[in-house]
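**Student:** Quick note: the sequence shown uses my numbering, first residue 133, plus one each step. For glycine and all other residues, C-beta sits at the position ideal for the given N, C-alpha and C.
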Amino acid sequence: MSRSTVGTPALLDQHHSYFTFALVTRTNSGEYSAQSCGTNANGGARAGDDWIAAGGAGNTPSRGRLDCCWRGWQYGLGAADDFFALHMIPYVTIPRLSLGPMHFASFGVLVSAGILVTYFWIAFRARYPGHLFLDRVPRQEHRPGSEKKASDLCAWMLIAGFAGAVLLRYAYDPAAGFRYLGIASFGGIAGGLAGAAAFFGLHRVGPRERLDYLNLVASRFPIGLAFGRAGCALAHDHPGIRSTNWLAVQFPGGSRYDLGLLEFLFLILVVGLFLSARGRKPYLGLFLIPYGLFRFAIDRLHENPPAYFGITVDQYASIGALLVGVWAITGVEKRQSAWRTSAASAARRIL
């Protein structure tokens with residue numbers, strides 16, 4: 133692939149751990165010539181004066197335009213797509229850890245760690261007044277019952293979320309059925325919200341408290357999801373379309389986007405913003421709206437995504453996330469408006 137750019141042009145030919153760089157020049161007539169000069173993988177220099185020509189070898193370029201082109205060759209597999217190998221993310225995997233008869237994959241370990249960290253963090257924050265918006269409060273101001281209620285809510289949301297994640301996965305490949313157990317993050321979110329609704333109904337949680345607890349869970353949920361997406365990035369189970377972008381990953385069959393990695397990077401940003409936030413924040417809406425927009429945007433990076441009536445599964449789910457996020461924010465705004473009205477009325481009565 134050619135890229136019209138001014139700078140040091142190079143043709144990278146990688147074969148059996150040997151790298152060759154070539155100066156590529158295009159003449160005014162459109163012909164190419166290249167002078168090779170490279171180094172091997174061990175750093176030993178190899179000078180070369182031979183010319184690699186592509187139609188018109190030996191033509192002396194006059195005021196020719198420099199083009200930069202890297203051609204990647206897979207180890208012993210022949211030519212693959214052209215890509216800017218030196219600027220891409222390497223393909224990194226972690227082998228399974230075996231302890232006797234037990235085997236642990238990086239994905240399962242990271243997902244389990246994310247669940248535990250998120251669960252105990254939410255339960256800890258629920259112990260104190262002001263936990264609903266993560267206000268800083270003294271340790272001695274303990275709120276009895278809040279920790280247990282938040283823990284029970286997390287358990288309900290976790291079980292229902294797992295069921296939803298498995299069910300929505302069926303929509304991506306109905307022909308496969310449930311022969312291959314998989315999970316979908318949007319299904320987990322939808323199932324978790326359904327589990328929360330059931331919990332609130334059975335335990336008679338008031339309308340005001342419902343959004344409070346959902347905001348509490350949403351404030352730390354991106355941490356657990358980030359752990360899971362880190363596992364996806366290491367498993368490389370969400371390959372996207374081919375690309376030579378610097379965010380592409382050097383997959384064995386050619387460079388392409390790793391959508392699990394892209395979402396992990398997005399979630400790291402969200403986690404940083406949420407952890408640094410203080411005061412009253414509608415975290416459920418502040419998570420679902422940007423997350424829905426992000427997933428809708430990167431859906432075009434999928435390769436042949438399943439679609440129904442011209443709309444993909446992720447696009448349907450993204451729209452749903454946006455609607456729930458808007459509802460959550462407007463619900464908090466209505467509550468805060470009601471609080472301000474009540475406070476003003478009380479002040480008028482006193483005065």
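For Met234, count neighbouring C-beta atoms within 10 Å of its own C-beta (all shown protein chains included) and say buried if the count is 16 or more, exposed if not.
**Tutor:** Exposed, by the Cβ-count rule.
**Student:** List in chain order: all unbroken beta strand (DSSP E) runs of 3+ residues lying wholly within the segment 367-439.
**Tutor:** 371-374, 381-383, 386-390, all fully within the segment 367-439.
**Student:** Tell me, to the nearest whole angstrom, how far the beta carbon of Ala255 is from that of Ala292; I am working on the premise that it is less than 8 Å.
**Tutor:** So it is not a contact: roughly 18 Å between Cβ atoms.
**Student:** Measuring straight from C-alpha to C-alpha, what distance separates Thr376 and Ser283?
**Tutor:** Using only the alpha carbons, I get a separation of about 45 Å.
**Student:** Is it the case that the Cβ atoms of Ala328 and Leu285 are separated by a distance below 8 Å?
**Tutor:** Yes, the pair counts as a contact, with Cβ atoms nearer than the cut-off.
**Student:** Among Leu401, Arg388, Val445, which residue has its Cα nearest to the Cα of Leu433?
**Tutor:** Nearest of Leu401, Arg388, Val445 to Leu433, Cα basis: Arg388.
**Student:** Are there three or more Cβ pairs, one per stretch, closer than 8 Å when the segment 232-250 is compared with the segment 360-367?
**Tutor:** Judged by Cβ distances under 8 Å, the segment 232-250 makes contact with the segment 360-367, as three or more pairs qualify.
**Student:** Looking only at its own chain, which residues have a Cβ that is under 7 Å from the Cβ of Phe406, when we skip the five neighbours before and after it?
**Tutor:** Within the same chain, Phe406 has close Cβ partners Ser351, Pro354, Tyr415.
**Student:** Starting from Phe236, trace the beta strand (DSSP E) in both directions and tell me its first and last residue.
**Tutor:** Unbroken beta strand (DSSP E) run through Phe236: 234-236.
**Student:** May I ask whether a heavy atom of the ligand NAP can be found less than 7 Å away from the beta carbon of Phe332?
**Tutor:** With respect to the ligand NAP, the structure offers nothing, as it holds no ligand at all.
**Student:** What are the partner residues of Thr444, as DSSP defines its beta bridges?
**Tutor:** Bridge partners of Thr444: Ala439.
**Student:** Among the candidates Leu343, Ala297, Lys280, whose CA atom is the shortest distance from the CA of Arg412?
**Tutor:** Of Leu343, Ala297, Lys280, the residue nearest in Cα terms is Leu343.
**Student:** Determine the extent of the alpha helix (DSSP H) in which Leu300 is found, giving its start and end residues.
**Tutor:** Per DSSP, Leu300 belongs to the alpha helix (DSSP H) from 278-304.
**Student:** Got a sec? Which residues, its chain only, sit under 6 Å from Glu435 by beta carbon, not counting five neighbours each side?
**Tutor:** So the qualifying residues of the chain are Ile373.
**Student:** Starting from Leu229, trace the beta strand (DSSP E) in both directions and tell me its first and last residue.
**Tutor:** Looking at the DSSP string, the run of the beta strand (DSSP E) that includes Leu229 is 229-231.
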